[in-house]
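According to the working numbering, the residues represented by the sequence shown are 25 to 310, in order. Each residue gets a CB set at the ideal place from its N, CA and C atoms; glycine is no exception. Since this is a predicted model, take the numbers as computed values, not measurements.
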Amino acid sequence: MPGLVGGVATVPVPGGLLTYEVVAGTTEPILAIHGVSSQRKLWNWLHAEAPDLTLITPDLRGRADSVIVARPFSLAQHVADLIMILDQLEINSIHVCGMSMGGFVAMRLAAQHPARIKTLILVDGGFPMRTPPGLTREMVPGLFADRLGRLEHTWPTLDDYISFFVTNTAPLLDREDPLLRDNLAHDLRDGRVRLSQEALLADAADTYFDPNPWESVQVPIRFLHAEWSVGADSMPGYAPELVDLYRAHTRETQLLSKLDHAGTIMTHSGAATVAETIKSALKAKD
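Here it is as structure tokens:
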């Protein structure tokens, strides 16, 4: 549906008002779903590489402008929230791009509302990932210590927060990148990170432990996966044997070489490849 008016809006959902932004372009819209500790400015790089794309970018509940939206926190609730956005915008069906946890939400959307989803573009997420041996729900906070560490401080300056983020979460990103500055500035309000610890941990646990409906999803899937997880030469989230397993369920599977998880979308090279994949989906007659 080209012609959506750009701007920030809210939609009533259980627990409050959920904020989303329409980034207007010339294409039909793409619903872009961010990861577990991120927010809608994650898509800065995609917009920079492909300003023609029309993006619908929510701040999921518990994050940024939607941080005060109350319980429940779960992937299932994100699905319900996103359907409310589509209903408010009177969009019957849409292409969906999800990064990291956003890919898992996208997979659930396609499984539960197949008539509403045209295609999925999954960026290092969506399909079940390699789970650390012996992981339990009680151990999930340890996996996200860097994210939880952001919440323990009042950040005197944006530069202080950027330094922490690049050092602990995304070591391959350019801390001088203006798109990164804009992205991370959206996290902060009065020096505090607008991220609900409860939402982060609940969603992360769902991502690892809830049943994943990938085998039942019938809409076309395009899957991009990172060579590394955090930093150069780190073990990827998707080992080669998992990629081979999922390949038969995709229209396209592509390795994003020399990029880690964050770099798949928070770099110009990663975002350019994601943009090409989205445009391929828009043109295809799947």
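Inset, instruction - Using the Cα positions of D183 and D310, report the straight-line distance between them to the nearest angstrom. - result: Residue numbering aside, residue 183 sits at position 159 when the sequence shown is read from its first letter. Residue numbering aside, residue 310 sits at position 286 when the sequence shown is read from its first letter. Distance between the alpha carbons of D183 and D310 is about 45 Å.
Legend entry - Beta-bridge partners of L212, as assigned by DSSP: Counted from its first residue, the sequence shown places residue 212 at position 188. Paired residues: V217.
Inset, instruction - Kindly indicate which three-state DSSP category E45 falls into: helix, strand or coil? - result: What you label residue 45 is simply residue 21 of the sequence shown in a count that begins at 1. In this structure, E45 counts as strand in the three-state DSSP scheme.
Inset, instruction - Compare the C-alpha of F97 against each of G39, A272, Y270 and name the closest. - result: Translated into positions along the sequence shown, residue 97 becomes position 73. Checked all of G39, A272, Y270; the closest Cα to F97 is G39.
Legend entry - Chain-order list of residues whose beta-carbon lies under 7 Å from that of L306 (same chain, five-residue window excluded): Locating residue 306 in the sequence shown gives position 282, where the first residue counts as 1. The beta carbon of L306 is closer than 7 Å to those of T51, E52, H119 in its chain, skipping five residues each way along the sequence.
Inset, instruction - Can you check DSSP and say which residues form a bridge with T277? - result: On the sequence shown, position 253 is the one that residue 277 refers to. In DSSP, T277 forms a bridge with F247.
Inset, instruction - Look up R87 in the DSSP assignment and give the residues it is bridged to. - result: Counted from its first residue, the sequence shown places residue 87 at position 63. Here R87 is bridged, per DSSP, to L219.
Inset, instruction - Name, in chain order, the residues that DSSP records as bridge partners for I118. - result: For this step, residue 118 is matched to residue 94 along the sequence shown. Note: I118 sits in a beta bridge opposite I141.
Legend entry - Beta-carbon spacing of L224, S61 below 7 Å: As a first step, residue 224 must be located in the sequence shown, where it is residue number 200. As a first step, residue 61 must be located in the sequence shown, where it is residue number 37. Judged by their CB atoms, L224 and S61 are nearer to each other than the 7 Å cut-off.
Legend entry - Test item: CB-CB of S220 and V91 under 7 Å: The residue given as residue 220 occupies position 196 in the sequence shown. The residue given as residue 91 occupies position 67 in the sequence shown. Yes, they are a contact pair.
Inset, instruction - State the beta-bridge partners of L55 as determined by DSSP. - result: Translated into the one-based positions of the sequence shown, residue 55 becomes position 31. In DSSP, L55 forms a bridge with I80, V120.
Inset, instruction - With V129 as the anchor, note down where its alpha helix (DSSP H) starts and where it stops. - result: Within the sequence shown, the letter at position 105 stands for residue 129. From DSSP, the alpha helix (DSSP H) with V129 extends over 125–136.
Legend entry - Bridge partners - L146, DSSP secondary structure assignment: For the purposes of this step, residue 146 is taken as the residue at position 122 of the sequence shown. Paired residue(s): G122, F247.
Inset, instruction - Please name the residue or residues paired with V32 in a DSSP beta bridge. - result: Against the sequence shown, residue 32 aligns to sequence position 8. Its beta-bridge partners are E45.
Legend entry - Counted within 10 angstroms of its Cβ, other Cβ atoms place H102 as buried (16 or more) or exposed: Taking the sequence shown and counting its residues from 1, one reaches residue 102 at position 78. Buried, because 16 or more other Cβ atoms sit within 10 Å of the Cβ of H102.
Legend entry - Counterpart residues of V37 in DSSP-defined beta bridges: Within the sequence shown, numbered from 1, the residue matching residue 37 stands at position 13. V37 is bridged to G40.
Legend entry - Boundaries of the alpha helix (DSSP H) in which T191 is found, first to last residue: In the sequence shown, counting from the first residue as 1, residue 191 sits at position 167. 182–192 is the extent of the alpha helix (DSSP H) around T191.
Inset, instruction - Could you check how far apart the C-beta atoms of L70 and V298 are, in whole angstroms? I think they sit under 8 Å. - result: As a first step, residue 70 must be located in the sequence shown, where it is residue number 46. As a first step, residue 298 must be located in the sequence shown, where it is residue number 274. At roughly 6 Å, the Cβ-Cβ gap stays under 8 Å, so L70 and V298 are in contact.
Legend entry - Chain-order list of residues whose beta-carbon lies under 7 Å from that of S281 (same chain, five-residue window excluded): Translated into positions along the sequence shown, residue 281 becomes position 257. Hits under 7 Å: E251.
Inset, instruction - Return yes when the Cβ of F247 is within less than 7 Å of the Cβ of T277, no when it is not. - result: Translated into positions along the sequence shown, residue 277 becomes position 253. Translated into positions along the sequence shown, residue 247 becomes position 223. Their beta carbons are under 7 Å apart, which means T277 touches F247 by this criterion.
Inset, instruction - Tell me whether I109 sits in a helix, a strand or coil according to DSSP, three-state version. - result: Translated into the one-based positions of the sequence shown, residue 109 becomes position 85. The answer is helix: DSSP assigns I109 an H, G or I state.
Inset, instruction - Please check the pair A88 and H210, which I expect to be a contact at CB under 8 Å, by giving their CB distance rounded to whole angstroms. - result: By one-based count along the sequence shown, residue 88 stands at place 64. By one-based count along the sequence shown, residue 210 stands at place 186. Going by Cβ atoms, the distance from A88 to H210 rounds to 6 Å, so yes, they are a contact pair.
Legend entry - Inter-residue spacing [alpha-carbon to alpha-carbon] between I80 and E162: The residue labelled residue 80 in the question sits at position 56 within the sequence shown. The residue labelled residue 162 in the question sits at position 138 within the sequence shown. Each residue's alpha carbon lies about 34 Å from the other.
Inset, instruction - Select from A229, A295, M108 the residue whose C-alpha is nearest the C-alpha of T155. - result: If you number the sequence shown from 1, residue 155 lands on position 131. It is A229 whose Cα lies nearest to the Cα of T155.
Legend entry - chain C within 7 Å of S117, Cβ atoms only: The chain labelled as chain C is not found in the depicted structure, where only one protein chain is given.
Inset, instruction - Might you give, ordered along the chain, the residues of its own chain that have their beta carbon closer than 8 Å to the beta carbon of M259, omitting 5 neighbours on each side? - result: Counting from 1 along the sequence shown, the entry for residue 259 is found at position 235. So the list reads R154, W252, S253, once near-sequence residues are dropped.
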